[in-house]
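To start, the structure itself, in structure tokens.
Chains as they are written, first to last, in my numbering: chain G, 135 to 466; chain L, 924 to 1187.
Next comes the structure, spelled out in structure tokens:
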């Protein structure tokens, strides 16, 4: 049985319709006008225990609303959610025992106290046995390099240090499911890598289910094996990450370093299955589809017009694919 | 039953944590306490001046009024210390978005919030209340027996719980307005009526402070008992406290559910 089941989930907000000008504000005060906004439009998915799911979409796509409903912070307008056998918005506190969550920059640690005090309180709140607590603390301290941070006051930590402690606090009570909403925002590369490694390690060892929303697609690329892509409140892709890249990312990017170029190539030549993305005096950036053409064919044509000195190629990454999708008709 | 004990233990830990947090700011602590005591001193001088012009107030002399004042401060001191964070729900927790993290904990949010109180200045109230109470008991020649001490300790805590219950009920306004702290405060200030003999008021105010907002059970009826004037009404206080808290938790849960379905 799936650990998370979501069926026809809908959330509609009533929002105050703003009217312009001071008079408008007074009108609002006397007789407020509301309009309805459907943030999540009947989505369905099941998540199995131990999956690492990237929940992605543009700002306002409905990601946070979904996470809030899954954690029981919001009650759905209609539809069904079952998390670990519990309906989270009916038995929130029960549900809280088996989940962990990080919401962006908000900290769950006690601001004025040393980090270790927060860990002790968390241990007590979740009734974690001593042995488990010590074992986890030891392991987390090692992976996340917390040794020197435990005795420091939370308010004196840097952003990266704080987030490492935050992640440790979230996983401390052995949650079955962890929701991470933008856990790497504003962090440097090393901390990001550290956190990603931690998530993968814990997932491998404890089969913790992780749902990750992020705008840094490197996080997804590195951590997740499944993607749920949300657009305007609807799921437009749900499945394997690699498959997603195979279907939508068949193209390759190449940058050619050239010399002796006569005029603008994009005006003079046409290439089948290849698009010139950017062109300067010294370089040409192209994007082409594996199945329609090869780099040799392209080079053959281009080398008639200039001398190709060097080539850099890379596969399309998630970010490129998503850009394409967002640019398109919001349809996969 | 184990659940209740667990919650009490957890509350103890929260409180200990708050104390630690508060002791980080040692100087703030001292300044805050001192200024609270000065504010109260002004009120005491005012009462004293009133009694320069009159022998008694509805049958109470200066020292008896001061005993009532001291007993009130004991409960107010405890209540302000324990329930101060209720003022933060609207302006701090909900407005700044920290409320979500409270809702994600495996304990009732009220316990988390109340446990996060750290209003150290109220210790000034408590100390002042203690000093005044002791002086007045001595001056009024009321024998200070173990039984009396236990009674005062117990009913001061019950009084604090009554204040806390009323504050908690008012705190549901936080789900509709960020300025809930001002609403809670203004209702709370009605307790001032109960610092004086209720016989000086008209029927409406009497009804207000005994039935609608039962502040009279915080210190007024207990003081009547300590003075030997009314033996029985004091024993209604614990019942009032329990009923208030049952209502408080019920309406709080209802308001929270409403809040969660509308979103923010």
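For each residue, glycine too, the CB sits at the ideal point set by N, CA and C.
Note down, in chain order, each residue of its chain lying with its Cβ closer than 8 Å to the Cβ of residue i, except the 5 sequence neighbours on either side.
i, result
"residue 184/G", "337, 341, 342 and 343"
"residue 362/G", "179, 187, 188, 189, 190, 369, 371 and 372"
"residue 146/G", "170, 171, 172, 173 and 211"
"residue 978/L", "984"
"residue 320/G", "239 and 293"
"residue 1017/L", "1097, 1098, 1101 and 1187"
Starting from the Cα of residue i, find the closest Cα among the options and give me that residue.
i, options, result
"residue 972/L", "989/L, 957/L and 1098/L", "989/L"
"residue 150/G", "140/G, 141/G, 165/G and 142/G", "165/G"
"residue 327/G", "446/G, 339/G, 350/G and 244/G", "350/G"
"residue 1123/L", "958/L, 940/L and 980/L", "980/L"
"residue 1079/L", "967/L, 962/L and 1049/L", "1049/L"
"residue 1104/L", "1020/L, 1181/L, 1130/L and 1015/L", "1015/L"
"residue 1083/L", "1110/L, 1013/L, 1161/L and 1180/L", "1161/L"
"residue 153/G", "146/G, 144/G and 163/G", "163/G"
"residue 316/G", "201/G, 135/G, 157/G and 137/G", "201/G"
"residue 388/G", "249/G, 406/G, 403/G and 410/G", "410/G"
"residue 1148/L", "956/L, 1046/L and 1065/L", "1065/L"
"residue 966/L", "1032/L, 1119/L and 1151/L", "1119/L"
"residue 135/G", "219/G, 227/G, 259/G and 364/G", "219/G"
"residue 192/G", "364/G, 209/G, 142/G and 261/G", "364/G"
Can you name the residues that DSSP bridges to residue i?
i, result
"residue 347/G", "315/G"
"residue 1175/L", "Beta-bridge pairing links residue 1175/L to no other residue."
"residue 217/G", "138/G and 220/G"
"residue 983/L", "980/L"
"residue 194/G", "Residue 194/G pairs with nothing; no bridge assigned."
"residue 287/G", "248/G"
"residue 237/G", "315/G"
"residue 171/G", "147/G"
"residue 337/G", "None; residue 337/G has no bridge partner."
"residue 187/G", "345/G and 360/G"
"residue 179/G", "140/G"
"residue 373/G", "361/G"
"residue 212/G", "144/G"
"residue 368/G", "365/G"
Tell me which same chain residues have a C-beta within less than 6 Å of the C-beta of residue i, skipping the five on either side of it?
i, result
"residue 937/L", "1038"
"residue 167/G", "151"
"residue 1168/L", "1088"
"residue 175/G", "367 and 368"
"residue 408/G", "420, 422, 427 and 432"
"residue 463/G", "At residue 463/G the pLDDT is 42, less than 50, meaning the model places this residue with poor confidence; the figure from the coordinates comes in the next sentence. Excluding positions up to five away in sequence, the list is empty."
"residue 465/G", "Any answer about residue 465/G is weak, because its pLDDT of 47 lies below 50 and its placement is not dependable; what the coordinates show is given next. Correct list: empty, nothing qualifies."
"residue 440/G", "392, 394 and 395"
"residue 1183/L", "none"
"residue 245/G", "288 and 289"
"residue 1127/L", "none"
"residue 347/G", "189, 197 and 315"
"residue 1157/L", "1144, 1145 and 1148"
Short of 7 Å in beta carbon distance, which residues of its chain neighbour residue i, apart from the five on each side in sequence? Order them along the chain.
i, result
"residue 1042/L", "1003, 1004 and 1007"
"residue 1062/L", "986"
"residue 932/L", "none"
"residue 453/G", "351"
"residue 1051/L", "960, 963 and 996"
"residue 443/G", "391, 392 and 393"
"residue 309/G", "232, 233, 234 and 342"
"residue 1139/L", "1117, 1121, 1132 and 1133"
"residue 250/G", "284 and 285"
Which residues in chain C have a C-beta closer than 8 Å to the C-beta of residue i? List them in chain order.
i, result
"residue 311/G", "The displayed structure is made up of protein chains G and L, and chain C is not among them."
Going by the beta-carbon positions, is the gap between residue i and residue j smaller than 8 Å?
i, j, result
"residue 999/L", "residue 1086/L", "yes"
"residue 1081/L", "residue 1114/L", "no"
"residue 1146/L", "residue 991/L", "yes"
"residue 286/G", "residue 1185/L", "no"
"residue 205/G", "residue 382/G", "no"
"residue 415/G", "residue 400/G", "no"
"residue 306/G", "residue 295/G", "no"
"residue 237/G", "residue 1021/L", "no"
"residue 298/G", "residue 278/G", "yes"
"residue 113/G", "residue 379/G", "No answer is possible for residue 113/G: it lies beyond the span of chain G, which begins at 135 and ends at 466."
"residue 1036/L", "residue 1055/L", "no"
"residue 329/G", "residue 301/G", "yes"
"residue 259/G", "residue 1028/L", "yes"
"residue 450/G", "residue 386/G", "yes"
- Return the chain-ordered ranges of every beta strand (DSSP E) run that is complete within the segment 418–452 of chain G and spans a minimum of 3 residues. 441–449
- Message: Threshold first: 3 residues or longer. Then list the beta strand (DSSP E) segments lying entirely within the segment 383–418 of chain G, N to C.
- Response: DSSP runs (the beta strand (DSSP E)) wholly in the segment 383–418 of chain G: 385–393 and 408–413.
- Any alpha helix (DSSP H) of 4 or more consecutive residues that is wholly inside the segment 1054–1099 of chain L: 1069–1093
- Query: At what residue ranges does the segment 935–998 of chain L contain a whole run of the alpha helix (DSSP H), taking only runs of 4 or more?
  - Reply: 949–976
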